[in-house]
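Worksheet: the structure to be examined is printed underneath.
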Amino acid sequence: MHWYEDDGFWVDFSEVMFPPRRRAAIAELVEGSPLFDHPAGTRVLDLACGPALYAVPLARAGCRVTGLDLSPAMLDRARAACAAAGVQVRLVQGDMLTHVEPESYDVVLNVFTSFGYFDAPEDNLRVLRNAYASLVPGGELVIDLMGKEVLAGWIGRPQVVELDDAYVVQRDTVLDDWTRLRTDWTLVRGATAREASITSQLYSAAELRALFENAGFTEVSCHGDFDLSPYDQRARRLIVRGVRPGGPTGDERKREDA
Ligand SMILES: C[S@@+](CC[C@H](N)C(=O)[O-])C[C@H]1O[C@@H](n2cnc3c(N)ncnc32)[C@H](O)[C@@H]1O
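Numbered per my numbering, the sequence shown spans residues 82 to 339.
This is how it looks when you write it as C-alpha cells:
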C-alpha cells in the first residue's frame, strides 16, 4: 500500500493537518482571496478535498462543489462538516490518478500540498491531464503546495506541533537531488508513539509551470500566497494557476464579469 492510501495515516495525523482553527481561517480566506472570487453557480472540483475545509465555504459562497477524495474516513468528515454547515456538496470517493469527468468544471482546485504524491513523475503529470480533461475550455486549474524554494528557507529544523494531549514531531529529508521529499511524522501521546513517513515530489515554480504547460494549460502564472502576490523571496506557498485554452480570453472574461 502507498502511504497516501492509508486511511489510518490521515485519521491519526488529522489533528495536526485539519485543526478547527484552520477551518475558520480557510473560511475567511475563501471570502477574501481573489483566487476564490467566483460567480454563483461556478462548478468547482476540489481534488483531494479532505474534510471539506475549502468545499464548505465555497459552497456557502454559491459554487456548485464536488469534493473528491480517496479516503473514506476523510469523506465521512467532509459529509459531517457539510451537514453541520447546512451546505450541499457532492462528495465522491475516487483517485486523482484516474478520476476524469469530461468538460464538467469551471475550476479544479488542489490545495494544501495534495499534489506530487505519486512516485512516477508521469503519474503526477497524469493528474494534471485529468484535471485538464475535467475542465471546460476556459476553465482553470489551481494548485497550492509548498514550493521547493520556500521549503529551502526553513528545512533542516524539525518542527514540533503541540496538541491538547499530544505532540507531533515532523522531520524533513531531501531526496534525490531535491526532486523528492520524505517527511517523517511522530505523534507522541502519553507513553505511545505513532510513526509515519510520506514521500512526495518537490516542485520549483519553474518545474510546476512546465508541468502545467506540458499538460496543455495556458496563461500559467505562479504566486506566493492566496492574495496572488508574486512568487518571490517573500512567498509563503507556491500557487500555480493555468487555463484550459479554447474559452474566452482573460480580457474577455474580465469584460464579461464587469
Ligand atoms: C494534505 S490533505 C489536504 C486535504 C484538503 N485539500 C485540505 O486542504 O485540507 C491531502 C488529501 O489527499 C487525499 N488523497 C491522497 N491521495 C489521494 C488520491 N490518490 N486521490 C484522491 N485523494 C487523495 C487524502 O485522503 C487527504 O484527504
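Yeah, the Cβ is synthetic: ideal placement off N, Cα and C, and Gly gets one too.
Notebook entry, point to check: Would residue 241 be called buried (16 or more neighbouring beta carbons within 10 Å of its own) or exposed?
Noted result: Working through the sequence shown from its first residue, we reach residue 241 at position 160. Residue environment: residue 241 is assigned as exposed (fewer than 16 neighbouring CB atoms within 10 Å of its CB, all protein chains considered).
Check: Per DSSP, what kind of secondary structure is residue 195 in: helix, strand or coil?
Finding: For the purposes of this step, residue 195 is identified with residue 114 of the sequence shown, where counting begins at 1. In the three-state reduction of the DSSP assignment, residue 195 falls in the coil class.
Checklist line | Collapsed DSSP secondary structure at residue 112 in the structure displayed | finding: Along the sequence shown, one-based indexing puts residue 112 at 31. Annotated three-state conformation of residue 112 is helix, per DSSP.
Margin query: Beta-carbon within less than 6 Å of residue 97's beta-carbon, same chain only, minus the 5 sequence neighbours each way: which residues are those?
Written below: The count along the sequence shown starts at 1 and reaches residue 97 at position 16. Cβ within range, chain order: 242 and 249.
Check: What is the DSSP secondary structure of residue 185, counted as helix, strand or coil?
Finding: For the purposes of this step, residue 185 is identified with residue 104 of the sequence shown, where counting begins at 1. Three-state result, residue 185: coil.
Next item on the list: Closer than 6 Å by C-beta to residue 88: which residues in its own chain qualify, once you throw out the five before and the five after it? Chain order, please.
Entry: One-based indexing of the sequence shown puts residue 88 at position 7. The residues are 152 and 154.
Item checked: Completely contained beta strand (DSSP E) runs for the region 216 to 294, where each covers 3 or more residues -> Runs of the beta strand (DSSP E) inside the region 216 to 294: 216 to 226, 240 to 243, 248 to 256, 261 to 270 and 273 to 282.
Note to self: What would DSSP say about residue 158, mapped onto helix, strand or coil?
What the structure shows: As a working note, residue 158 is residue 77 in the sequence shown. In this structure, DSSP gives residue 158 a helical state, which the three-state scheme calls helix.
Item checked: DSSP-derived helix/strand/coil call for residue 130 -> The sequence position of residue 130 within the sequence shown is 49, counting from 1. For residue 130, the three-state secondary structure derived from DSSP is coil.
Notebook entry, point to check: Do the region 220 to 228 and the region 272 to 287 make contact, defined as three or more Cβ pairs closer than 8 Å?
Noted result: Contact holds: three or more Cβ-Cβ distances are below 8 Å.
Notebook entry, point to check: Taking Cβ to Cβ, would you say residue 146 is nearer than 7 Å to residue 162?
Noted result: For the purposes of this step, residue 146 is identified with residue 65 of the sequence shown, where counting begins at 1. For the purposes of this step, residue 162 is identified with residue 81 of the sequence shown, where counting begins at 1. In this structure, residue 162 does not lie closer than 7 Å to residue 146 by Cβ.
Margin query: Taking the straight line between their C-alpha atoms, what separation do you get for residue 261 and residue 255?
Written below: Here residue 261 corresponds to residue number 180 of the sequence shown, with the count starting at 1. Here residue 255 corresponds to residue number 174 of the sequence shown, with the count starting at 1. Pairing residue 261 with residue 255, the inter-Cα distance amounts to about 6 Å.
Margin query: For the structure I just gave you, are there three or more beta carbon pairs, one from the region 216 to 224 and one from the region 310 to 318, closer than 8 Å?
Written below: Not touching, per the Cβ criterion.
Next item on the list: Let me know if residue 82 comes out buried or exposed under the rule of 16 or more other beta-carbons within 10 Å of its beta-carbon.
Entry: In the sequence shown, the residue the question calls residue 82 occupies position 1. Counting C-beta atoms within 10 angstroms of its own C-beta, residue 82 has fewer than 16 neighbours from the protein chains shown and is therefore classed as exposed.
Check: Between residue 134 and ligand 1, is the CB less than 6 Å from at least one heavy atom?
Finding: Walking along the sequence shown from the start, residue 134 turns up at place 53. At least one heavy atom of ligand 1 sits closer than 6 Å to the Cβ of residue 134.
Margin query: Please state the DSSP three-state secondary structure of residue 302.
Written below: Taking the first residue of the sequence shown as 1, we reach residue 302 at position 221. The answer is strand: DSSP assigns residue 302 an E or B state.
Notebook entry, point to check: Candidates 288, 308 and 268: which alpha carbon is nearest residue 91's?
Noted result: To locate residue 91, count along the sequence shown from 1; it is residue 10. The candidate whose alpha carbon is nearest that of residue 91 is 268.
Checklist line | Where residue 190 falls: helix, strand or coil (DSSP) | finding: In the sequence shown, the residue the question calls residue 190 occupies position 109. Three-state DSSP puts residue 190 in a strand.
Next item on the list: Would you list the one or two residues that DSSP bridges to residue 145?
Entry: In the sequence shown, the residue the question calls residue 145 occupies position 64. DSSP, once it has assigned bridges, lists 124 as partnering residue 145.
Next item on the list: Within 10 angstroms of the Cβ of residue 195, are there 16 or more other Cβ atoms? Answer buried if so, exposed if not.
Entry: For the purposes of this step, residue 195 is taken as the residue at position 114 of the sequence shown. Its Cβ being crowded by 16 or more others within 10 Å, residue 195 is buried.
Note to self: ligand 1 and residue 268: does the residue's C-beta get closer than 6 Å to at least one heavy atom of that ligand?
What the structure shows: The residue labelled residue 268 in the question sits at position 187 within the sequence shown. For residue 268, the Cβ stays outside the 6 Å cut-off from all heavy atoms of ligand 1.
Notebook entry, point to check: Is any heavy atom of ligand 1 found at a distance shorter than 6 Å from the C-beta of residue 170?
Noted result: Counting from 1 along the sequence shown, the entry for residue 170 is found at position 89. No, ligand 1 has no heavy atom inside 6 Å of this Cβ.
Check: Do you know offhand how far residue 308's Cα is from residue 320's?
Finding: Taking the sequence shown and counting its residues from 1, the one referred to as residue 308 is at position 227. Taking the sequence shown and counting its residues from 1, the one referred to as residue 320 is at position 239. Using only the alpha carbons, I get a separation of about 10 Å.
Checklist line | Spatial distance of residue 205 from residue 179 (CA atoms) | finding: By 1-based counting over the sequence shown, the position of residue 205 is 124. By 1-based counting over the sequence shown, the position of residue 179 is 98. Just so you know, the alpha carbons of residue 205 and residue 179 end up roughly 11 Å apart.
Check: According to DSSP, which residues form a beta bridge with residue 313?
Finding: Working through the sequence shown from its first residue, we reach residue 313 at position 232. Looking at the DSSP assignment, residue 313 forms no beta bridge with any residue, so it has no partner.
Margin query: In whole angstroms, give me the CA-to-CA distance for residue 144 and residue 95.
Written below: Taking the sequence shown and counting its residues from 1, one reaches residue 144 at position 63. Taking the sequence shown and counting its residues from 1, one reaches residue 95 at position 14. Cα-Cα distance, rounded: 26 Å.
Next item on the list: Take residue 247 and list the residues in its own chain whose beta-carbon comes closer than 7 Å to its own, dropping the five residues that flank it on each side.
Entry: For the purposes of this step, residue 247 is identified with residue 166 of the sequence shown, where counting begins at 1. Same-chain partners within the cutoff: 268, 269 and 270.
Checklist line | Contacting residues, own chain, Cβ-Cβ under 6 Å from residue 279 (five flanking each side not counted) | finding: One-based indexing of the sequence shown puts residue 279 at position 198. Here residue 279 has 84 and 264 as same chain residues with Cβ atoms under 6 Å from its own Cβ, once five neighbours each way along the sequence are excluded.
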